[in-house]
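Taking the working numbering, I'd label the letters of the sequence shown as residues 209 to 656.
All C-beta atoms in this analysis are idealised placements derived from N, C-alpha and C, irrespective of residue type, glycine included.
Predicted, not measured: the structure shown is a model, and the values here were computed from it.
Reading through the structure tokens given below for one structure.
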Amino acid sequence: MSSSASSAAPNQAATNNLEAFWMPFTANRQFKKAPRMFVAAKDMHYTTADGRQVLDGTAGLWCCNAGHSRPKVVEAVQKQIAELDYAPAFQMGHPKAFELAARLAAKMPSPLDHVFFTNSGSESVDTALKIALAYQRAIGQGTRTRLIGRERGYHGVGFGGISVGGIVSNRKTFGTLLTGVDHMRHTHDPERNAFSRGIPENGAEYVEDLIRIIQLHDPSTIAAVIVEPVAGSTGVLIPPKGYLERLRDICTEHGILLIFDEVITGFGRLGSPFATDFFGVTPDLVTTAKGITSGVIPMGAVFCASGIYDAFMTGPEHMIELFHGYTYSAHPLACAAALATLDTYEEEGLLTRASELSQHWEDGLHALKDCPHVIDIRNLGLIGAVELEPIAGEPTKRAFSAFLKAYDEGLLIRTTGDIIALSPPLIISKEQIDELFDKLRNVLNAID
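Okay, structure coming up:
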């Protein structure tokens with residue numbers, strides 16, 4: 209810290225001054241000139257500071273799967289904070305943590321029957337990577353230290369996550385990152401798959417790039433491969449037919465753990481509880497967050513195969529098996545929120561509701577094909593992407609203009625590069641789907 213910074217006088221800024229908050233993943237200067245403030249939320253809508261209703265087309269940030277301010281979740285959190293506000297998870301426990309783990313494990317296919325709690329998707333990813341490395345060592349495969357990600361992958365913002373991730377802007381500023389990391393090529397193939405409905409036909413052969421990496425490094429050096437079943441934050445890249453099945457086979461053949469990052473696809477987004485169900489492919493570890501509490505309290509969870517867990521349960525019983533964890537692992541408020549969220553999902557059939565709406569969603573989304581500047585549309589479950597042709601010399605500007613225009617029109621969308629991403633709460637009605645695409649059509653017809 210510089211001497212001028214350390215000796216500065218106390219900040220006397222007004223409490224409503226916008227400068228103190230360095231906003232994440234935000235054009236701070238642009239925002240603070242024209243702030244966009246939400247002050248309330250209920251079900252499918254946000255309320256702005258000036259009293260307007262904004263239809264939530266993104267479930268917050270892919271997380272509010274059950275919608276906003278759902279009564280059962282609100283009541284559970286209110287009750288929990290008065291009963292037990294915090295309990296340490298190191299050498300101690302509280303009942304809701306074990307109840308939640310058991311209920312979550314019951315939703316996963318065997319053998320994914322153990323759960324390690326975190327506080328975010330980024331923490332879930334770093335946890336899964338550490339478990340994979342420690343497991344290989346525990347079974348006598350300590351030479352397996354390499355981690356393989358994928359180009360255009362997003363795995364949070366921890367150093368582990370950005371190392372295996374493949375989004376350039378998230379990596380280029382932060383030095384050399386973790387060593388011993390390599391990347392498969394991505395699956396985006398607009399020349400063959402543009403405007404595909406659902407799972408694209410072409411591109412399964414791209415998974416063979418993993419064979420190249422295995423041959424380069426030797427399988428005895430590779431601990432794990434991590435992919436998003438559907439790559440979300442990079443702009444909704446759907447895996448080609450047969451891709452994930454072949455990926456599973458390659459990893460199994462070479463003794464490499466397969467990690468699915470289901471922070472986005474988990475908890476009903478595709479029309480099944482998890483992408484493991486939807487695609488019928490079972491990995492060794494699954495990272496989750498976001499929808500686990502419907503975004504109400506920060507929480508994440510890593511699902512772990514029993515064979516991996518059992519490999520650590522050796523040695524003296526009084527010894528710690530895995531030197532890893534977080535102060536807020538299995539936080540009582542988060543557990544209460546998650547349990548009530550699971551109740552809400554189950555009572556309202558939300559974990560499979562996207563399957564009932566997916567055709568209506570697909571038809572409405574692809575009807576935007578004739579709008580100006582649209583060069584591709586992709587969809588699966590209740591996820592959608594509209595890719596726009598970039599403005600020459602000004603990448604991202606066209607989509608950001610659409611984001612601002614949509615907010616003015618009463619619609620929240622998400623943009624990444626020049627791609628509009630959509631992922632509404634699972635409680636959305638067909639009428640609200642129609643409203644969402646009507647508003648988006650007006651936006652696309654209005655931007656340059």
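Rounded to whole angstroms, what's the CA-CA distance from residue i to residue j? Just pull it up for me.
| i | j | result |
| --- | --- | --- |
| R420 | G488 | 25 Å |
| F382 | V365 | 11 Å |
| D251 | Y534 | 31 Å |
| V323 | G350 | 24 Å |
| A562 | P524 | 47 Å |
| V333 | G515 | 19 Å |
| E227 | R244 | 15 Å |
| A213 | E331 | Here the model assigns A213 a pLDDT of 49, short of 50, so the residue's position is not dependable and the matter cannot be decided. |
| D457 | S377 | 32 Å |
| L565 | E554 | 17 Å |
| P408 | D584 | 12 Å |
| N225 | G503 | 27 Å |
| F608 | L337 | 34 Å |
| L341 | G348 | 11 Å |
| K287 | V281 | 10 Å |
| H532 | R352 | 19 Å |
| K241 | H462 | 54 Å |
| A629 | I289 | 35 Å |
| M507 | L308 | 12 Å |
| K159 | L292 | Only positions 209 to 656 of the chain appear in the structure, and residue 159 is not among them; the question remains open. |
| A431 | F367 | 17 Å |
| A610 | G275 | 24 Å |
| M521 | L530 | 9 Å |
| D469 | L576 | 30 Å |
Thinking C-beta only, is residue j closer than 8 Å to residue i?
| i | j | result |
| --- | --- | --- |
| I467 | P427 | no |
| C512 | L320 | yes |
| F486 | V494 | no |
| G374 | R358 | yes |
| T560 | G476 | yes |
| L644 | P632 | yes |
| V247 | T234 | no |
| I446 | V438 | yes |
| R622 | T266 | yes |
| P580 | N653 | yes |
| N327 | Y536 | yes |
| R379 | T429 | no |
| H253 | L263 | yes |
| Y362 | Y414 | no |
| A538 | A297 | yes |
| R260 | G618 | yes |
| L620 | G592 | no |
| T484 | M316 | yes |
| H302 | A295 | yes |
On a Cα-Cα basis, can you pick out the residue from the options that is closest to residue i?
| i | options | result |
| --- | --- | --- |
| V594 | I636, T442, L455 | T442 |
| D518 | A346, P448, G268, A314 | A346 |
| G411 | P398, I422, Q423 | P398 |
| H568 | I641, T623, I621 | I641 |
| V285 | L620, A546, C579 | A546 |
| N273 | T552, L541, T429 | T552 |
| H165 | T604, L565, L418, G508 | Given that the chain is displayed from residue 209 to residue 656, the structure contains no residue 165 and the question cannot be resolved. |
| I528 | Q299, L558, H574 | Q299 |
| P491 | F520, T522, L455, S480 | L455 |
| L424 | G388, G450, Y414 | G388 |
| E283 | D646, T549, L558 | T549 |
| F306 | C459, K315, F325, W230 | F325 |
| P448 | A538, I356, L588 | L588 |
| I635 | C271, P232, W230 | C271 |
| A600 | D656, D571, G557 | D656 |
| E416 | T395, H302, A431 | T395 |
| I472 | L590, T384, V372 | L590 |
| L558 | S637, D646, E470 | S637 |
Whole-angstrom Cβ separation of residue i and residue j, contact assumed at under 8 Å?
| i | j | result |
| --- | --- | --- |
| S660 | R586 | Examination of residue 660 is not possible in this model, given that the chain is present from 209 through 656 alone. |
| A497 | L312 | No, A497 and L312 are not in contact; Cβ-Cβ is about 12 Å, not under 8 Å. |
| V582 | A614 | Wrong, their Cβ atoms sit about 15 Å apart, outside the cutoff. |
| D626 | L596 | 5 Å |
| S277 | A249 | 6 Å |
Which residues does DSSP pair with residue i in a beta bridge?
| i | result |
| --- | --- |
| I627 | E595, T624 |
| I434 | I467 |
| T326 | G508 |
| R379 | Per DSSP, none; premise fails for R379. |
| T496 | A509 |
| F246 | T256 |
| H391 | G357 |
| H276 | D251 |
| L320 | A513 |
| L619 | L263 |
| N401 | Answer is none; N401 lacks a bridge partner. |
Can a CB atom of chain C be found closer than 8 Å to the CB of residue i?
| i | result |
| --- | --- |
| A519 | Given the protein chain composition of this structure (a single chain), no chain C is represented. |
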